[in-house]
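One structure below.
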Amino acid sequence: MGKEESPQAARRTTRSSCAAASNGEVGRSTFTPLHNPTVSDLAFGGEPLSSEDLRSGFPVRRPQILELVHLLGPPNSPMLPLFVYGGASTGKTTVILQVFRHLNRPFVYASCRTCYSPRILFESILNQLLLHRKNEASGYSSAKRCEKPSDFVNFLREDVGKVVDSLKDRSGKRKSNKSRRWPKGDILYLIIDNLELVREWDKSSSLLPFLFNLYDILKLPNFALIFVSSSSPDTYYSSMGYIEPIPVFFPEYTEEDLRQLLSIVLRPFSRVTRRLDELSTVFSSLFQKYCEPLSDTSSFPNDEMKRRLFSHFRPYISPALNEIFWGPSQCLSGIESGKVTRQRGSIRKHEDNEDFTEIGFHMSTAAKYLLISAFLASRNPATLDASLFDSTGGSDNRKRKRKASEKSMEQKETVEQESLMKGPGTFPLERLLAIFQCITSVIDVTIDEEEHGDGFPTDGGNSSWLMSNVLSQLSSLCDANFIAKGGSCPLEGSTRYRCTISEDFALKVARSIKFALPNYLCRR
Amino acid sequence: MAVQNHARDAQNLLRSRLCNPSFVFKALSGSPDSNYSKLKFILSSSVTEACNNSLLLLGPRGSGKTAVLELVLNDLLEEYPDMISVIRLNGLLHNDDNCAFKEISRQLCVEHHLLFSKMASFDDNSQFLIAMLRECGLAHKTIVFVLEEFDLFAQGKQRLLYSLLDAMQSITSQAAVIGISCRLDADQLLEKRVAAAHLTIANGLNSSKRLCYSIQYKARAVSSIDVKSGYPSLDNFKTALSSFRRQPKQECIKDCSILELYILACIRRLESKEQKSYNFNSVMKEYKSIHDQFQTSDDYARNVCLRAFERLLQRDLICFSDNRGQGQSVEFRPVKCLISHFELQEGIKAYRSCPVSCFLHYGFCYSGISLLAGVS
Numbered sequence: 001m002g003k004e005e006s007p008q009a010a011r012r013t014t015r016s017s018c019a020a021a022s023n024g025e026v027g028r029s030t031f032t033p034l035h036n037p038t039v040s041d042l043a044f045g046g047e048p049l050s051s052e053d054l055r056s057g058f059p060v061r062r063p064q065i066l067e068l069v070h071l072l073g074p075p076n077s078p079m080l081p082l083f084v085y086g087g088a089s090t091g092k093t094t095v096i097l098q099v100f101r102h103l104n105r106p107f108v109y110a111s112c113r114t115c116y117s118p119r120i121l122f123e124s125i126l127n128q129l130l131l132h133r134k135n136e137a138s139g140y141s142s143a144k145r146c147e148k149p150s151d152f153v154n155f156l157r158e159d160v161g162k163v164v165d166s167l168k169d170r171s172g173k174r175k176s177n178k179s180r181r182w183p184k185g186d187i188l189y190l191i192i193d194n195l196e197l198v199r200e201w202d203k204s205s206s207l208l209p210f211l212f213n214l215y216d217i218l219k220l221p222n223f224a225l226i227f228v229s230s231s232s233p234d235t236y237y238s239s240m241g242y243i244e245p246i247p248v249f250f251p252e253y254t255e256e257d258l259r260q261l262l263s264i265v266l267r268p269f270s271r272v273t274r275r276l277d278e279l280s281t282v283f284s285s286l287f288q289k290y291c292e293p294l295s296d297t298s299s300f301p302n303d304e305m306k307r308r309l310f311s312h313f314r315p316y317i318s319p320a321l322n323e324i325f326w327g328p329s330q331c332l333s334g335i336e337s338g339k340v341t342r343q344r345g346s347i348r349k350h351e352d353n354e355d356f357t358e359i360g361f362h363m364s365t366a367a368k369y370l371l372i373s374a375f376l377a378s379r380n381p382a383t384l385d386a387s388l389f390d391s392t393g394g395s396d397n398r399k400r401k402r403k404a405s406e407k408s409m410e411q412k413e414t415v416e417q418e419s420l421m422k423g424p425g426t427f428p429l430e431r432l433l434a435i436f437q438c439i440t441s442v443i444d445v446t447i448d449e450e451e452h453g454d455g456f457p458t459d460g461g462n463s464s465w466l467m468s469n470v471l472s473q474l475s476s477l478c479d480a481n482f483i484a485k486g487g488s489c490p491l492e493g494s495t496r497y498r499c500t501i502s503e504d505f506a507l508k509v510a511r512s513i514k515f516a517l518p519n520y521l522c523r524r
Numbered sequence: 001m002a003v004q005n006h007a008r009d010a011q012n013l014l015r016s017r018l019c020n021p022s023f024v025f026k027a028l029s030g031s032p033d034s035n036y037s038k039l040k041f042i043l044s045s046s047v048t049e050a051c052n053n054s055l056l057l058l059g060p061r062g063s064g065k066t067a068v069l070e071l072v073l074n075d076l077l078e079e080y081p082d083m084i085s086v087i088r089l090n091g092l093l094h095n096d097d098n099c100a101f102k103e104i105s106r107q108l109c110v111e112h113h114l115l116f117s118k119m120a121s122f123d124d125n126s127q128f129l130i131a132m133l134r135e136c137g138l139a140h141k142t143i144v145f146v147l148e149e150f151d152l153f154a155q156g157k158q159r160l161l162y163s164l165l166d167a168m169q170s171i172t173s174q175a176a177v178i179g180i181s182c183r184l185d186a187d188q189l190l191e192k193r194v195a196a197a198h199l200t201i202a203n204g205l206n207s208s209k210r211l212c213y214s215i216q217y218k219a220r221a222v223s224s225i226d227v228k229s230g231y232p233s234l235d236n237f238k239t240a241l242s243s244f245r246r247q248p249k250q251e252c253i254k255d256c257s258i259l260e261l262y263i264l265a266c267i268r269r270l271e272s273k274e275q276k277s278y279n280f281n282s283v284m285k286e287y288k289s290i291h292d293q294f295q296t297s298d299d300y301a302r303n304v305c306l307r308a309f310e311r312l313l314q315r316d317l318i319c320f321s322d323n324r325g326q327g328q329s330v331e332f333r334p335v336k337c338l339i340s341h342f343e344l345q346e347g348i349k350a351y352r353s354c355p356v357s358c359f360l361h362y363g364f365c366y367s368g369i370s371l372l373a374g375v376s
């Protein structure tokens, strides 16, 4: 894992500071002109990578590397466009860049994640071709302004021609610094990464066909195209149809691959086996996508000698599995507390784990009450408000104790089905404030000292103060996306709101202010 | 060593030939009644007899329309040097009228060594075009307009097409307009006024659509030639063929984790129960019911299932079936499954050690069998 990360860092610095590093300058903050960028910057730079290093750096990607190297072919041989696809985090970008480093071919790289609009994408590619850097000298502007595909094609023709000429001009080789390697071959490769994000852009319906047909439109002999995407090519086909690029598939790692990968990293970490297992679950949570075969994490540590300890691991594994997408520190702390309670002889259930019942951030009491009111307003139908929030401020359980007839059971089922499907309802502001006032009118006057500092009014009667505070809290809750604006009321045109928090979170909030939320929820 | 060098050169030669479309279609230019000769005849008549022509080349993608046209144009340029100028437009790039006229003017300026101003307005450009047509007509030079992706020019008001064809009719000009399109009904897209201008249609090039696939296939095989032996082996062709037999959805399913397969199976069960629409919450309910019924050890918490659900969305195995998507969280939006029941079954069968297959059929009883999930 460490090995994979450092080339990643090297790639990002290739344009500006890799050259500086080879010349011994670090000058980023100081405004001293670095050496003039030459065409040799288009290659990967850095230390050359032998094929052995390439293969050992990616032990499980050997067939894909071989396929890529074969398709790229010897220097100066043309190539049909390639389409590299596979799940997320399967190593596509890293492998391609390392292959290019190994083969030392000139390339231009653009990712549709960092270049989030067509204009930025085109200008980034052109900047790289023109060896133009956005720095203080140029005022952080691009070399050429390019918005439309037609301009892009015209500029590309000129610039690729210039680059190829300077590639062929070997006289530049003598002038360049000995530590920089001259790229091999006359063919320039364009790598476009994260292509699946283009589908969400505005002009994607015209941009995607344009990109796929770029090779045919340009008809440049010294130009080759590589697309990298995490969704397969059949999801890109539209009614227009394209000449298909050659697909190269990166499958997800299998269990054996995972074992191979993780064992390399874990070898220096061999410790007491129990800690090793916890570390392995933490590592697999770091490989977010790799731990998809969740069955893996329990099977991975089961080497022969650890099989007898398996019964110890089970209670650790299930809370770890359930928290597998949390950060490693939380996971570990969860396991730690789980371990502590186990020593006491009882295994806590996951939901009671102390770390996870607290809300991770601080909210003022007024905001909490407001949030609960919003949650109630969204969950309960408006017609039940009168019975739930009567003058005593409490809920009346009398109605629910009626015997449930079959029809009402069916009704309940359909209502439940609807509630599963429809989601939280919308409510106008007035209803929210009404519920809020009703709830807060019966709160206990004795509040903790620290909560008192939140500025929550204990008298509850100062309506003008309450209103301004509530409205400002409401807007901050909206900003935090706890309350979203729903559609507007058809009769009056006033906006309605919708509470988007989950029931678990609402229960947590209610618990923190000791509010009996389940009494108010219209139980289906 | 020498063998290797020769083999490498041979490989390079093969690759360059495969990547060059005009080479591929040169072989077709021989016969007299092929499209090549028809095209050549029409264009050369336009050059020699100073008449205007317009035609449409239609054919499926990859059938060589552009390639044949390029061959014809190259031959004509050799035969009649300095008498033809070619303006190339592409529907993908230039379907905006402003853009198209600007590009035409730019190319004309380049051809005739005039200075092109980027600031010229639309009117300036169109007047320039008409003036150039007139001049070239008087000087007996032919301008050939090649409009690729012609169907994209036929969207909207078709101003470009109308002005071109109108100009050709009204002023003394020598021009040919050639449209290339993959839509076989491109001529029906034209407005009446545009279609009133006479258009001949050279239809469907006979080479099969499979040509583009076979080129890819050969390219793949060639690229994997072992240089030492110097000859493509059967294995090379086999690997290339297998790369075309890929079924992307099956690959996708193989890449899924067990939890994701569970979710897909739950969706399948909901569909077989004839529930019209379902979202994440209904899927979770089904998942819990499976767990309760079968006591699997794969019971994961809700947030884990939600992440697996989102991964399925990313993989395009399921998608949202509503277009609004605003103000609703992922849990409530209705989804639909993008793979068929058969594909899912096949995928699960091919999956290694998968316990999910027993759940696919609603109502399937599987009591008492200890299920593999999670423990190898």
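If you read the protein sequences in the order shown, they are chains D and C. Numbered according to the UniProt record's numbering, the first sequence spans residues 1 to 524. Numbered according to the UniProt record's numbering, the second sequence spans residues 1 to 376. Built from N, CA and C at the ideal position, the CB exists for glycine as well.
Coil, strand or helix - residue i by DSSP
| i | result |
| --- | --- |
| ARG145/D | coil |
| LYS102/C | helix |
| ILE447/D | The predicted model places ILE447/D with a pLDDT of 43, which falls under 50 and marks its position as unreliable; any figure quoted below should be read in that light. Coil, per DSSP. |
| ALA50/C | coil |
| ASN177/D | Since pLDDT at ASN177/D reaches only 49, below the 50 mark, its modelled position is unreliable, and the value read off the structure follows with that caveat. Coil. |
| LEU164/C | helix |
| ASN380/D | coil |
| CYS522/D | coil |
| LEU92/C | helix |
| SER329/C | coil |
| SER502/D | coil |
| SER408/D | helix |
| PRO428/D | strand |
| CYS182/C | coil |
| GLN158/C | coil |
Whether residue i touches residue j by CB criterion (8 Å)
| i | j | result |
| --- | --- | --- |
| LEU133/C | SER173/C | yes |
| VAL248/D | ASN194/D | no |
| PHE101/C | PHE122/C | yes |
| GLU260/C | PRO251/D | no |
| GLY347/C | ILE258/C | no |
| ILE96/D | VAL108/D | no |
| LEU338/C | ILE318/C | yes |
| ILE187/D | PRO74/D | no |
| GLY179/C | LEU76/C | no |
| VAL330/C | LEU306/C | yes |
| PHE309/C | ILE263/C | yes |
Residue span of the alpha helix (DSSP H) that contains residue i, given as start and end
| i | result |
| --- | --- |
| ALA131/C | 122–138 |
| LEU71/D | 62–72 |
For residue i, the residue or residues it bridges with in DSSP
| i | result |
| --- | --- |
| ASN74/C | Its beta-bridge partners do not exist; DSSP assigns none. |
| VAL177/C | SER54/C, PHE145/C |
| PHE249/D | TYR85/D |
| ALA484/D | ARG498/D |
| VAL335/C | TYR278/C, PHE320/C |
| SER85/C | ILE143/C |
Extent of the continuous beta strand (DSSP E) run through residue i
| i | result |
| --- | --- |
| PHE227/D | 223–229 |
| LEU190/D | 188–193 |
| SER111/D | 107–111 |
Segment contact flag, the stretch 64–75 of chain C with the stretch 106–120 of chain C, C-beta cutoff 8 Å, min 3 pairs: Short answer: they don't touch.
Stretch pair the stretch 132–147 of chain D + the stretch 189–204 of chain D: three plus CB contacts closer than 8 Å: Counting C-beta pairs with one atom in each stretch, the stretch 132–147 of chain D and the stretch 189–204 of chain D have fewer than three that are closer than 8 Å, which means they do not touch.
Given 8 Å, three or more beta-carbon pairs between the stretch 502–510 of chain D and the stretch 361–373 of chain D: The stretch 502–510 of chain D, when compared against the stretch 361–373 of chain D, does touch it at the 8 Å Cβ threshold.
Sufficient close CB pairs (3 or more, under 8 Å) joining the stretch 3–22 of chain C to the stretch 509–519 of chain D: In short, these stretches do not touch, since the Cβ pair count stays below three.
Touching by the beta-carbon criterion (3+ pairs, under 8 Å), the stretch 36–53 of chain C and the stretch 93–105 of chain D: no
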